[in-house]
Structure formats: C-alpha cells, structure tokens
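Structure first, commentary second.
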Amino acid sequence: MLKFNVDNDKFWRDGYLILKNMFSHAEIAAMREDVFASLKGREQGGEPVVDALADRHLQHWVHDERLIKVAKTLLGGDNLAYYGDGSYAVVGHGYTPGKDVGGWHRDNTDRSNLDAPDWQGRYSLVRFGFYLQDHSASSGGLIVRRESHNRILRGWRAHLHDRYLNTGIGDVGVWSMRIQHAGLGRCLRGFPNFALGPYLQARLPEFLQAPFPPVERTGFWISYALDDHHLERHCQYLLTRSERLTMWSNAHYPQSVIDKCNAAGLKVLDMPERMRAAVAAGEAVGQQRHHRQIAY
Ligand SMILES: O=C(O)CCC(=O)C(=O)O
C-alpha cells in the first residue's frame with residue numbers, strides 16, 4: 596500500500612507527475628550523502644564512473660520497493676526492468692550549465708520522427724528524478740513540456756505547456772522518457788509555478804528569476820521500463836552512445852544486488868555485460884557523443 600497518491604490518468608495525459616512526500620526528509624538527506632560519498636570516491640579515490648546499480652553507495656536505491664511499485668502502477672505491467680540507466684550530477688563537478696545541462700531535449704530513442712517505433716503505442720520507459728534540495732520556491736529543478744510525450748509542440752504555444760517541477764524535499768518527479776524537458780530550470784521569483792525555460796531564462800532580468808538554493812544543486816535519476824520492444828530498441832540505441840561506454844565499461848552488478856532487485860520484483864538487464872561483449876566482438880558501439888536516430 597502506497598502512502599502517497601499516484602494519479603495514473605494525469606501521468607498519461609501530461610507525461611509526468613510529482614509524487615508529493617514520497618520520501619522522508621531523512622531519506623533524502625541520506626541519499627544526498629550517498630551521492631556525495633560516490634562523488635568523493637570518483638574525484639579523490641579513483642573509483643570509476645558506473646551506473647547506480649554498480650555503485651556501492653547508490654545501488655540500494657535502485658531496488659527501493661516504492662519506486663518499483665509506482666513504476667509498475669504507471670506502466671501497467673509486472674515485467675519491470677532496470678537497464679543500467681541510473682546516474683547523478685552535481686553542478687560544478689563536471690556538470691556545466693549551458694553545456695551539459697539546460698537545453699530542451701527528450702531521452703527516448705526516436706526524438707523527432709513521429710513515424711518511428713517509439714511513437715507507436717504507449718511508451719513504456721520512465722525516469723524518476725530526485726532533486727536533493729528544496730526547489731519549492733527556488734530555481735534549479737526540472738522543466739517539462741506538458742503533453743509533449745504525445746506530440747511535437749512548436750512555436751510560442753509550446754511555452755504555454757512549460758511546467759516547473761517545484762519539488763520540495765521528499766517530492767519525487769517521474770516522467771515519460773518521451774517528454775521534452777530541460778534541466779536546471781528556473782521559476783519566476785515568488786511564483787514557483789511559473790516555469791522559465793531556456794528562452795525566458797536568457798531574457799528575463801535576474802531579479803525576476805527565483806534564486807537557486809544555497810547548496811550545490813544535485814540530481815539523481817533512475818529509469819525503469821517494461822521489458823518490451825520499446826526497451827529493447829532503447830537498449831540498442833544506448834549501446835551506440837559514448838557516455839554509456841564510459842559508464843558501463845567498469846560496471847559490475849554483484850549477484851547479491853541482483854538478488855535483491857529480483858526479490859523486490861525488478862528484473863535486471865545487464866547492459867554493462869552486453870556492452871563489454873559487443874566491444875569484445877568488435878562491434879561499432881559507444882561511438883556517438885550525441886543522439887543519433889537508429890535505423891528502423
Ligand atoms: O535536471 C537535470 O539536470 C537534467 C535532467 C535530464 O535532462 C534528464 O534526466 O534527462
């Protein structure tokens with residue numbers, strides 16, 4: 596039994612949801628500590644960049660039963676999988692506004708061609724976003740373009756769909772991987788419901804934009820999907836990406852962690868192993884630095 600409301604209809608209509616008070620303040624503080632312990636390991640301990648399930652500081656969050664339950668509820672299926680897509684970023688630590696974060700994009704496989712397979716039927720890949728500081732009245736949260744998971748919105752009318760995830764501590768965002776979104780969003784000072792996407796951020800005077808929280812802006816994301824044809828296509832796409840080669844080359848999932856996932860009702864697709872096998876077979880994987888449509 597979940598203690599918070601999961602509005603399925605709203606999720607499929609808008610393409611995203613904010614799950615209010617899904618985690619306690621203490622849990623979010625612990626998650627933030629875990630992320631910083633991992634970061635310290637990478638920056639000072641020479642630990643490799645790996646996805647969340649292979650990261651000893653973070654792996655327990657991947658099989659959190661609440662996330663699994665919500666993902667299954669939203670996606671309407673029991674065959675839920677984790678496919679090596681769990682990561683974090685801290686602004687100022689290799690995560691630069693305007694370079695690594697801030698522009699509009701989608702995270703699915705076929706991004707602008709609505710005839711492509713991703714756009715046939717319900718898209719069964721979702722991402723949870725934990726913003727580990729208070730964005731209820733301050734900038735730095737995610738901006739999503741409502742309903743853009745179902746269509747391409749263009750021109751000035753598209754901005755009417757822009758929504759700011761003004762998450763307080765413990766609120767969690769979840770969105771369709773097909774939705775258009777922009778990281779490091781801003782909101783209007785005093786009006787946190789009013790989203791300022793990249794266009795308005797660049798034009799509105801600073802004093803009208805809500806400030807960022809006083810702590811380092813930290814995001815942690817975990818994706819899940821039904822183990823279906825959309826996911827297989829997305830996995831094929833991810834194998835083309837250079838940042839996955841970096842993230843998966845040294846990622847190993849201990850059997851005990853896989854067992855915990857399975858016990859929580861989550862299947863684990865070992866994408867790191869699949870990437871290593873493809874590399875060993877001499878396949879052309881991990882070469883694309885940016886999104887590139889794959890054949891269909
Ligand atoms: O909020 C951010 O920093 C970026 C999030 C994002 O673009 C993503 O998770 O795909």
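When the letters of the sequence shown are read in order and numbered with the numbering used here, they come out as residues 596 to 891.
Glycine included, C-beta positions come from ideal geometry on N, C-alpha and C.
Within the present structure, is the beta-carbon of residue i separated from the nearest heavy atom of ligand 1 by less than 7 Å?
i: leucine 720; result: no
i: glycine 724; result: yes
Would you decide whether residue i is buried or exposed? Buried here means 16 or more other CB atoms lie within 10 Å of its CB.
i: phenylalanine 606; result: buried
i: phenylalanine 725; result: buried
i: histidine 776; result: buried
i: glycine 697; result: buried
i: arginine 839; result: buried
i: proline 643; result: exposed
i: glutamine 888; result: exposed
i: glutamine 850; result: exposed
i: histidine 620; result: exposed
i: glycine 687; result: exposed
i: tyrosine 891; result: exposed
What residues are listed by DSSP as bridge partners for residue i?
i: serine 771; result: Val721
i: arginine 758; result: Val739
i: proline 692; result: Val696
i: glycine 814; result: Ala684, Tyr726
i: alanine 676; result: Ala820, Lys862
i: cysteine 782; result: Ala790
i: isoleucine 613; result: Gly768
i: glutamate 804; result: As written in the sequence, residue 804 is glutamine, which differs from the glutamate given in the question. Leu783.
i: glutamine 883; result: Arg836
i: histidine 776; result: His700, Val739
Between the alpha carbons of residue i and residue j, how many angstroms are there, rounded?
i: arginine 784; j: glycine 792; result: 14 Å
i: tyrosine 848; j: alanine 805; result: 41 Å
i: threonine 691; j: arginine 781; result: 15 Å
i: glycine 877; j: arginine 722; result: 31 Å
i: arginine 798; j: aspartate 823; result: 43 Å
i: glycine 735; j: arginine 812; result: 7 Å
i: tyrosine 894; j: lysine 664; result: Residue 894 lies beyond the range of the chain shown here (596 to 891); nothing can be said about it.
i: serine 733; j: leucine 709; result: 35 Å
i: phenylalanine 815; j: glycine 681; result: 8 Å
i: valine 601; j: leucine 662; result: 11 Å
i: leucine 597; j: threonine 668; result: 11 Å
i: lysine 855; j: aspartate 713; result: 30 Å
i: asparagine 674; j: lysine 862; result: 7 Å
Checklist entry - If you measure from each residue's Cβ to the nearest non-hydrogen atom of ligand 1, which ones come out under 5 Å, in chain order? => result Val696, Asp702, Leu737, Gly778, Gly814, Trp816
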